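Everything on this sheet refers to the single structure shown next.
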Amino acid sequence: MNNPLIHDIRTRPTAFIAMVLLVVLGVQLGMWQIRRADYKKSVALEILAKGQEKPIRAGMDLVGVDDMFRPIQATGVWLSDQAIWLANRPHPKGRDPKTGITTGFFLLMPLQIKDSPKEIVWVNRGWVPRSFIERMAVPKVITSGQKIFVEGVVFAQEGKTFEFSKETLKIPTDMASDGRKLQENIDLAQEKLENQWAQLSFVIRQNQAELEDGLDRHWPAPTLGVEKHEAYAAQWFGLALMTFFFWGFTGLRKRFQSLR
0 MNNPLIHDIR TRPTAFIAMV LLVVLGVQLG MWQIRRADYK KSVALEILAK
50 GQEKPIRAGM DLVGVDDMFR PIQATGVWLS DQAIWLANRP HPKGRDPKTG
100 ITTGFFLLMP LQIKDSPKEI VWVNRGWVPR SFIERMAVPK VITSGQKIFV
150 EGVVFAQEGK TFEFSKETLK IPTDMASDGR KLQENIDLAQ EKLENQWAQL
200 SFVIRQNQAE LEDGLDRHWP APTLGVEKHE AYAAQWFGLA LMTFFFWGFT
250 GLRKRFQSLR
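The letter at position 57 of the sequence shown is residue 56 when you use numbering that gives the first Met the number 0, and the numbering goes up by one with no holes.
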């Protein structure tokens, strides 16, 4: 008696080849997503390890690429009138527990750490919810005019959102309700050129959550999208498994129909 599997392959070679190709493709893509997840897990662990290192002192210690995500301390005076609101920023943990709002603003403010020559570092002071009634409305933020101490983490930048070119569309810079600039992104090099000041080439993400200044600084632990890659891997493996079962099911159905 002929082997049913061999018989099915011979009678449906195209279906068998297509099944094998799709299964191999699904497994390979699933494994690629697993490798991406493992890599990002190792990066997240490295970031967590850097968070336990001795803090850098802004303006006193040299900061390089390898120092990203390390703790940092800075002492200086806020240049409040030069601050920039960054729009369309998600809540640090996805949703504001007080208001339920998911989207708001980051407040980036330069901190002058040296007087002569004038040297600053940009600080992400935290998140505030947006108003759905007035797009330009921002809450009042308490800002000291005295020398203050800032603790945070070194970031290359505070992420970018999509925006149309203002040069192409001739769109003027928006102004928030408190008179500060409101824009989608910040270009550190451009800010340095426009203000003609010495500027450190990174951003401090302030993490002093206990300060009562109206800003949310409950930053989440870094995951770098590991869950997304694991979900994609499960989908690809599921596709490969479904393809194999579909091929087997259609083969069995055709065989039963031929025996009637």
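Positions of the beta carbon are idealized from the N, C-alpha and C atoms, including for glycine.
Small disclaimer: the values here were computed from a predicted structure and weren't measured.
Whole-angstrom distance between residue j and residue i, CA atom to CA atom
i    : j    : result
D37  : V137 : 40 Å
P221 : L47  : 8 Å
A208 : Q32  : 35 Å
I8   : A232 : 29 Å
G25  : F236 : 6 Å
A155 : A14  : 51 Å
V64  : I55  : 13 Å
A43  : I5   : 49 Å
L223 : F68  : 13 Å
T101 : L28  : 32 Å
G247 : Q234 : 20 Å
M30  : L251 : 30 Å
Q51  : E45  : 10 Å
S200 : S79  : 19 Å
R179 : L106 : 10 Å
E157 : W218 : 13 Å
L21  : F244 : 12 Å
A175 : F131 : 14 Å
L240 : G93  : 33 Å
T10  : A17  : 14 Å
K53  : L61  : 14 Å
L210 : E226 : 32 Å
R35  : K146 : 44 Å
V140 : N194 : 23 Å
E118 : M59  : 11 Å
Collapsed DSSP secondary structure at residue i in the structure displayed
i    : result
W218 : coil
L15  : Per the sequence shown, residue 15 should be read as Phe rather than Leu. Helix, per DSSP.
L61  : coil
M67  : coil
T249 : helix
N194 : helix
I5   : helix
G25  : helix
M135 : coil
A36  : helix
D212 : coil
K113 : strand
I203 : strand
A239 : helix
K227 : helix
V149 : strand
D173 : strand
A188 : helix
E52  : coil
R129 : coil
Where residue i falls, given that 16 or more other Cβ within 10 Å makes a residue buried
i    : result
R254 : exposed
L192 : exposed
L110 : buried
G125 : buried
A82  : buried
P12  : exposed
Check whether residue i and residue j have beta carbons under 8 Å apart
i    : j    : result
V202 : W84  : no
Q205 : G151 : yes
I71  : V153 : yes
L181 : M135 : yes
T142 : W196 : no
R88  : G103 : yes
D95  : P116 : no
Residue i at chain D interface by Cβ criterion, 8 Å
i    : result
W196 : No chain D is part of this structure, which consists of one protein chain only.
For residue j and residue i, believed in contact at Cβ under 8 Å, the rounded distance
i    : j    : result
D215 : P91  : 6 Å
H228 : K39  : 7 Å
F148 : T74  : 5 Å
A112 : A57  : Note that residue 112 is Ile in the sequence shown, not Ala. Correct: roughly 6 Å between the Cβ atoms.
A86  : E183 : 6 Å
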